[in-house]
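Asker:
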Amino acid sequence: MPTTTPTKIPPWYKQFWPWFLLGLLFSSIIVSTTFAVVSIKSFDGMVVQEDYYEHGKAINMVIAKQVRARELNLSAELLLDPLTSDIVVDLAGDTRPEKLYLQLIFPTENNRDQSFVLEHVRDGRYITQGPDNLRYRWYLQLQPDQQDSDWRLTGEATFPSDNSIVLLPGGRKESE
């Protein structure tokens, strides 16, 4: 009978598959820990909303302001002068307040929001000094009072822009 010599099996730590499986395990732990650290350090606070009832009441007030602006036939044309950074607003409609309040709202970071007071110059034209080098997309809100306004015009703009921006009740043109 021929004798066969038993093949010697190397110990587990010298084989490929245990290290491959442990590598997958450790890499998933490292990646998930990295994502957890990044999500905690870059928390933006935009998802948490505690009082849905108050938020709903605020939406109703915004709708009422838009309805009032439509009743007054209001619209505005905003132009940001690229050389002087002057903000010029031409207001059309049935009212001419002495001051207008313009809010530039950045869509993702509320610490970049800006507010301006526009002074009435003549015939529905309002002017103020704007920011230098305004860039990216912004939401615009124009109203007669800073806190308790009767009406509000809204719109969107991407700066820098040589074109004028139209502000309307509700931010969109109505179909005729």
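When we follow my numbering, the leftmost residue of the sequence shown carries the number 250, and every step to the right adds one.
Glycine included, every Cβ here is placed at the ideal spot set by N, Cα and C.
Computed from a predicted structure; not experimentally measured.
Look at the Cβ atom of residue 344, then the Cβ atom of residue 321, and state whether they are nearer than 7 Å.
Answerer: Yes, Cβ-Cβ distance for residue 344 and residue 321 is below 7 Å.
Asker: How is residue 327 classed by DSSP in three states: helix, strand or coil?
Answerer: Looking at residue 327 - three-state DSSP - the assignment turns out to be strand.
Asker: Could you name the residues that DSSP lists as bridge partners for residue 376?
Answerer: 337 and 368.
Asker: Provide the residue span of the beta strand (DSSP E) that contains residue 408, from first to last.
Answerer: From DSSP, the beta strand (DSSP E) with residue 408 extends over 402-408.
Asker: Note down the Cα distance separating residue 284 from residue 276, rounded to an integer number of angstroms.
Answerer: Approximately 12 Å, taken between the alpha carbons.
Asker: Which residue from 318, 349 and 302 puts its Cα closest to that of residue 342?
Answerer: Per the Cα distances, 318.
Asker: From residue 393 to residue 365, what does the alpha carbon distance come to, in whole angstroms?
Answerer: Answer to the nearest angstrom: the Cα atoms are 12 Å apart.
Asker: So, are the CB atoms of residue 514 and residue 410 less than 7 Å apart?
Answerer: Any property of residue 514 remains undetermined from this structure, which presents the chain solely from 250 to 425.
Asker: Is the beta carbon of residue 383 less than 7 Å from the beta carbon of residue 408?
Answerer: Yes, these two residues count as a Cβ contact at 7 Å.
Asker: Helix, strand or coil: how does DSSP classify residue 258 here?
Answerer: Here residue 258 sits in coil by DSSP.
Asker: Based on Cα-Cα distance, which residue from 352, 373, 292 and 389 lies nearest to residue 346?
Answerer: Comparing Cα-Cα distances from residue 346 to each of 352, 373, 292 and 389, the minimum goes to 373.
Asker: In the DSSP assignment, what residue or residues form a beta bridge with residue 415?
Answerer: BP columns for residue 415 point to 326.
Asker: Residues bridged to residue 387 by DSSP?
Answerer: Its beta-bridge partners are 406.
Asker: Hey, could you find the ends of the beta strand (DSSP E) residue 348 is sitting in?
Answerer: Its beta strand (DSSP E) spans residues 348-354.
Asker: Alpha carbon to alpha carbon, what distance is there between residue 387 and residue 312?
Answerer: Whole-angstrom Cα-Cα distance: 20 Å.
Asker: Nearest-angstrom Cα distance between residue 257 and residue 271?
Answerer: Near 24 Å, if we compare the C-alpha coordinates of residue 271 and residue 257.
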